[in-house]
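Undergrad: From first to last, the protein sequence lines stand for chains A and B. Using this note's numbering, read the first sequence as starting at 973 and increasing by one per residue. Using this note's numbering, read the second sequence as starting at 973 and increasing by one per residue. Quick reminder that beta carbons are idealized off the backbone N, C-alpha and C, glycines included. After the structure tokens below, expect a handful of questions from me.
Protein chains: 2
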Amino acid sequence: MTVAIIGTVAFDSIETPRGVHNRILGGSATYAGVAASLFSPVHLISIVGSDFPQVHFDYLEKRGISTDGIIRSSGLTFHWKGFYKGDMSQAHTLQTDLNVLLEFDPKVPASAADSRIVFLGNFDPQLQLRAIKQFNRPELVVMDSMNYWIQDHLSSLRETLKLVDVLILNDQEIRLLTGIDNVIQALPHVVKMGPKRIIVKKGEHGAIMYNGSDFFAVPAMPLDEVVDPTGAGDSFAGGIVGYLANSPALTEEVFRKAVIVGTLVSSFTVRDFSLGMLERITVDQLNTEFARYRQIAAIPETVSR
Amino acid sequence: MTVAIIGTVAFDSIETPRGVHNRILGGSATYAGVAASLFSPVHLISIVGSDFPQVHFDYLEKRGISTDGIIRSSGLTFHWKGFYKGDMSQAHTLQTDLNVLLEFDPKVPASAADSRIVFLGNFDPQLQLRAIKQFNRPELVVMDSMNYWIQDHLSSLRETLKLVDVLILNDQEIRLLTGIDNVIQALPHVVKMGPKRIIVKKGEHGAIMYNGSDFFAVPAMPLDEVVDPTGAGDSFAGGIVGYLANSPALTEEVFRKAVIVGTLVSSFTVRDFSLGMLERITVDQLNTEFARYRQIAAIPETVSR
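This is the structure:
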């Protein structure tokens, strides 16, 4: 079953201690789409400029990602330039050229309207809302956002949240959204805003899921080198929605497995620039990585003797 | 089998959003000792002043903590005053009265010299070294430290590290000790300094253990309120060394269980001021809490179908 992913497709210019790469393929929808396509057919809904090369469209289509929903505008593609240094968990923005993003008005093609799962990457919550309304009763609406929308577009964001089933944010964003420092204490307040389930991404510290009553908490895969953190959060979410779209029933157990899959997929993403590692991995490799992860994170059955 | 715990016994004056408490019982050795005494007899080695009341000695002895190694000086007991606010993970110091700590020279009583496990709480690494040498071949020397000793007494610290089997530090301290931002990358460098095993405490983000080749990573218990974080790290370490002292063989599996026990013990500590909650819990309650933890943190056996 398919997943529709709406968000940005971008050129990224990135500097990390491991190197400099200019105008490489990026964007929240690109990372999420490539990650989701490991498990499920994907509809990608976005906008690019006339400078976006055919080779990128071909690449996406070859991965089972339909590009019918990508508007081809006459302007220039969205471009982000930034760098990482030190603890690598914080992106430092040098330049943001919104370009065609300023005219983005997502159009869901008829072929995508019946998608089982809709994932709204991080973009204007008013447009996220307009996108949701173009789908025919998706089983699950999953949403990402970021500090900018929470701070400056809170009322739109809260309108959109009412229609969201699963919200994926990082811990700082949860604090910002609720004004509560303790993330665990904050989560029931987020549930009152609409989402039935919240997945908190914490980068190197793993993830926490809350379903309105129970928690699920997992560590990240220990990584001794992060080459490029760009797209980690987007591929975490993409891995989750792709895995869910490919699962017969969305049980609690399936959600837990999805969070682990997202964790592993994002740990692959950061081991190379752009989509370099993400596009090379297979489901078989992911299963091998899971076996390694389980060695690291499995909880013994008892601590008493 | 017994564990010897060497470190500070203190009066703490603490303000948190939940209240103000003046001159309550604290100190790294006190927290570690009370936590360890859940599992094992404890020898506490420290120094207090003439203002330290008999009722505290009686309390410790009643828990199976021998106070023979606590020097009773004519000065005043070490006193720390501080507060927590906001995210509660950072202590803000208002006042430190070292008092009798300035004359501390640990004397291991004959009754403690055969302890199976020696835990060195956070204090002067030169004194930590002098303490280690007073024991008759302990099976395991476990050590804690803090940024002050790493920054200003690095050469003493490195001498002491050579005799340490297990080092327990937080992630910031690991970065400081190695000059490496990525904690996972830093750990093999710490092993080269002496310790065969490192346990990284990450507070609300759980813990990571490294044994020179393999990692073990666990999340923290999700807590919707932290009443007083004082002693969290000390009771984490105390839970670990007490559990180890009470285990027939120190296998990898036992170390993993010990890290989880430390995680749960410290999550009890922060739910009340001072030793309030820590002194009330029992091993039975800890086992019940473990069952709850396992519901939250257990990794499924597979993610493939």
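In chain order, what residues of the stretch 1151 to 1164 of chain B put their CB closer than 7 Å to some CB of chain A?
TA: Cβ contacts with chain A come from D1153, N1154, I1156 and Q1157.
Undergrad: State the Cα-Cα distance for the pair R1252 of chain A and A1007 of chain A, rounded to the nearest angstrom.
TA: When rounded, the distance between both Cα atoms is 11 Å.
Undergrad: Given a limit of 7 Å on CB to CB distance, which residues of the stretch 1173 to 1194 of chain B reach chain A?
TA: Cβ contacts with chain A come from K1174, H1177, G1178, I1180, F1187, F1188, A1189, V1190, P1191 and P1194.
Undergrad: E1261 of chain A: buried (16+ other C-beta within 10 angstroms of its C-beta) or exposed?
TA: Buried is the call here.
Undergrad: Quickly, what does DSSP pair K1105 of chain B with across the bridge? List them, please.
TA: K1105 of chain B is not bridged to any residue.
Undergrad: How about P1272 of chain A: is its C-beta nearer than 9 Å to some C-beta of chain B?
TA: Chain B, which has a Cβ nearer than 9 Å to the Cβ of P1272 of chain A, makes this yes.
Undergrad: Going along chain A in order, which residues have a C-beta closer than 9 Å to the C-beta of V1233 of chain B?
TA: By Cβ distance, chain A contributes V1275.
Undergrad: Does any C-beta atom of chain A lie closer than 9 Å to the C-beta of M1168 of chain B?
TA: The residue you asked about is not Met; residue 1168 of chain B is Lys in the sequence shown. So, not an interface residue.
Undergrad: Between the C-alpha atoms of V1199 of chain A and V992 of chain A, what's the straight-line distance to the nearest angstrom?
TA: V1199 of chain A and V992 of chain A: Cα-Cα distance of roughly 11 Å.
Undergrad: Residues of the stretch 1194 to 1223 of chain B in Cβ contact with chain A at a cutoff of 9 Å, in chain order, please.
TA: Answer in chain order: P1194, L1195, D1196, E1197, V1198, Y1215, N1218, S1219 and P1220.
Undergrad: For the beta strand (DSSP E) containing S985 of chain B, list its first residue and its last residue.
TA: Element bounds for S985 of chain B: A982 to T988.
Undergrad: Please determine, among A:R1228, A:I977 and A:I1152, the residue with the shortest C-alpha to C-alpha distance to A1004 of chain A.
TA: Looking at the Cα atoms, A:I977 is the closest of the given residues.
Undergrad: In this structure, does DSSP put I978 of chain B in helix, strand or coil?
TA: Note: I978 of chain B maps to strand in three-state DSSP.
Undergrad: Have a look at L1112 of chain B and G1047 of chain B and give me their C-alpha separation to the nearest angstrom.
TA: C-alpha separation (whole angstroms): 33 Å.
Undergrad: Thinking C-alpha only, which one of A:A1269, A:A1209 and A:D1086 is nearest T1274 of chain B?
TA: Closest option to T1274 of chain B, Cα to Cα, is A:A1269.
Undergrad: Does any residue of chain B have a CB that is nearer than 9 Å to the CB of R1109 of chain A?
TA: False, the Cβ-Cβ gap to chain B never drops below 9 Å.
Undergrad: Using the three-state DSSP reduction, which class does A1189 of chain A fall into: helix, strand or coil?
TA: Strand.
Undergrad: So if DSSP puts M1181 of chain A in a beta bridge, which residue, or which two residues, is it bridged to?
TA: Its beta-bridge partners are A:I1171 and A:F1188.
Undergrad: Which residues mark the beginning and the end of the beta strand (DSSP E) in which S1038 of chain B is found?
TA: S1038 of chain B -> beta strand (DSSP E) spans I1037 to R1044.
Undergrad: Which residue from A:D1196, A:I1271 and A:L1216 puts its Cα closest to that of S1239 of chain A?
TA: Among A:D1196, A:I1271 and A:L1216, the Cα nearest to that of S1239 of chain A belongs to A:D1196.
Undergrad: For V992 of chain B, which beta-bridge partners are listed by DSSP?
TA: According to DSSP, which records beta bridges pairwise, V992 of chain B is partnered with B:E987.
Undergrad: Do the stretch 1207 to 1217 of chain B and the stretch 1227 to 1246 of chain B touch if we need at least three Cβ pairs shorter than 8 Å?
TA: Yes, the stretch 1207 to 1217 of chain B is in contact with the stretch 1227 to 1246 of chain B.
Undergrad: For a cutoff of 9 Å on Cβ pairs, would you count V1255 of chain B as touching chain A?
TA: It does; some Cβ of chain A falls within 9 Å.
Undergrad: Closer than 8 Å: is that where the CB of D1077 of chain B sits relative to any heavy atom of the ligand GTP?
TA: Absence of the ligand GTP is noted for the structure shown, with no ligands found whatsoever.
Undergrad: Which same chain residues end up closer than 8 Å to S1045 of chain A when comparing Cβ atoms and leaving out the 5 residues on each side of it in sequence?
TA: Around S1045 of chain A: I1019, V1020, G1021, S1022, V1072 and E1075.
Undergrad: Beta-carbon separation of G1203 of chain B and T1002 of chain B under 9 Å?
TA: Going by C-beta atoms, G1203 of chain B is nearer than 9 Å to T1002 of chain B.
Undergrad: Rank A:L997, A:F1245, A:M1115 and A:R1147 by C-alpha distance to the C-alpha of G1166 of chain A and give the top, closest one.
TA: Of the candidates A:L997, A:F1245, A:M1115 and A:R1147, the one whose C-alpha sits nearest the C-alpha of G1166 of chain A is A:M1115.
Undergrad: On the DSSP letters alone, give me the boundaries of the alpha helix (DSSP H) that L1135 of chain B sits inside.
TA: L1135 of chain B -> no alpha helix (DSSP H), and no H or E assigned at all.
Undergrad: When burial is assigned at 16 or more other CB atoms within 10 Å of the CB, is N994 of chain B buried or exposed?
TA: That one is exposed.
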